[in-house]
Amino acid sequence: MSDHDALRTRILDAAEQLFYARGIQAVGMDQLRTAAGVSLKRLYGTFPAKHDLVEAYLRRRDERWRAALATFVDAHADTPTSRVLAVFDWLATWFAAPDFRGCAFLNAHGELAPTSDAVARITRDHKQALHAYLTDLVRPLPHPTPTALADQLALLIDGAITTAALTHTPTPAHTARGVAGVLVGVGATA
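The opening position of the sequence shown corresponds to residue 279 in this note's numbering, with each subsequent residue numbered one higher.
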């Protein structure tokens, strides 16, 4: 890893921790500089404006989030039905993490989308990529409309994430898993 890449990673790590924990607008560049352990000159040399850093943070978080989900599903499920249900098992694990604060994309969208087309676009891209992943998961199932089933699962996921953020418990993932089981035809106890 080059020095520039290491610096960029250190700044993005600090941004992810602070933005996700406190909100994007609540975090100033000076706080980011301190958390990353870099000078303001190096921070602005790497990310010329805060919106550049916000966009990079969201894009990286999208890649990491979706990769973690896919890795978990691949490691914990081997049938089409169990792969769909494993999504909700992963959500339960994520919801139980002490730093869980809901969906970073919906949080960012709520804060910045009215004034940032880039944040709105990145949020849509994340949700569309998740939908595409869900569609691929359900295609092997004997369901007449995989896209419609993926729509339903995406709504369950977003609802579970939002409810878990409000309740600070993984229970919404278990509830959503039961509903997903009904949708994929295996019953609520699968």
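All C-beta atoms in this analysis are idealised placements derived from N, C-alpha and C, irrespective of residue type, glycine included.
Taking C-alpha atoms, which residue in the options lies nearest to residue i?
i    : options                   : result
V362 : F373, A432 and Y335       : A432
L321 : L290, R337 and L296       : L290
H404 : A293, A313 and R338       : R338
R344 : A313, G323, A382 and T440 : A382
T357 : V416, L296 and V457       : V416
G301 : G388, G456 and S280       : G388
T440 : R379, D414 and H452       : R379
A370 : H452, H282 and V462       : H452
So, is residue i buried or exposed, given that buried needs 16 or more other C-beta atoms within 10 angstroms?
i    : result
V460 : exposed
L318 : exposed
A466 : The pLDDT assigned to A466 is 42, lower than 50, so where the model puts this residue is not dependable, and the model offers no usable value.
A410 : exposed
D340 : buried
L444 : exposed
P418 : exposed
A442 : buried
T401 : buried
P450 : buried
A458 : buried
A426 : exposed
A364 : buried
Could you give the distance in angstroms between the alpha-carbon of residue i and the alpha-carbon of residue j?
i    : j    : result
Y298 : T447 : 18 Å
T359 : L412 : 12 Å
A468 : P376 : Residue confidence for A468 is low, a pLDDT of 42 falling below 50, so the modelled location carries little weight and cannot support an answer.
V397 : A355 : 33 Å
G323 : A334 : 14 Å
A348 : A428 : 15 Å
H421 : A386 : 34 Å
S280 : R288 : 12 Å
A438 : L310 : 30 Å
A327 : R342 : 23 Å
T393 : R399 : 12 Å
D395 : F325 : 18 Å
A374 : Q430 : 23 Å
Since residue i and residue j are thought to touch, with beta carbons under 8 Å apart, how far apart are those beta carbons, to the nearest angstrom?
i    : j    : result
W368 : V351 : 7 Å
L331 : A304 : No, L331 and A304 are not in contact; Cβ-Cβ is about 14 Å, not under 8 Å.
A454 : I435 : 7 Å
L296 : A313 : 6 Å
With DSSP as the reference, label residue i as helix, strand or coil.
i    : result
R339 : helix
G306 : coil
T447 : coil
P358 : helix
V332 : helix
V416 : helix
V397 : helix
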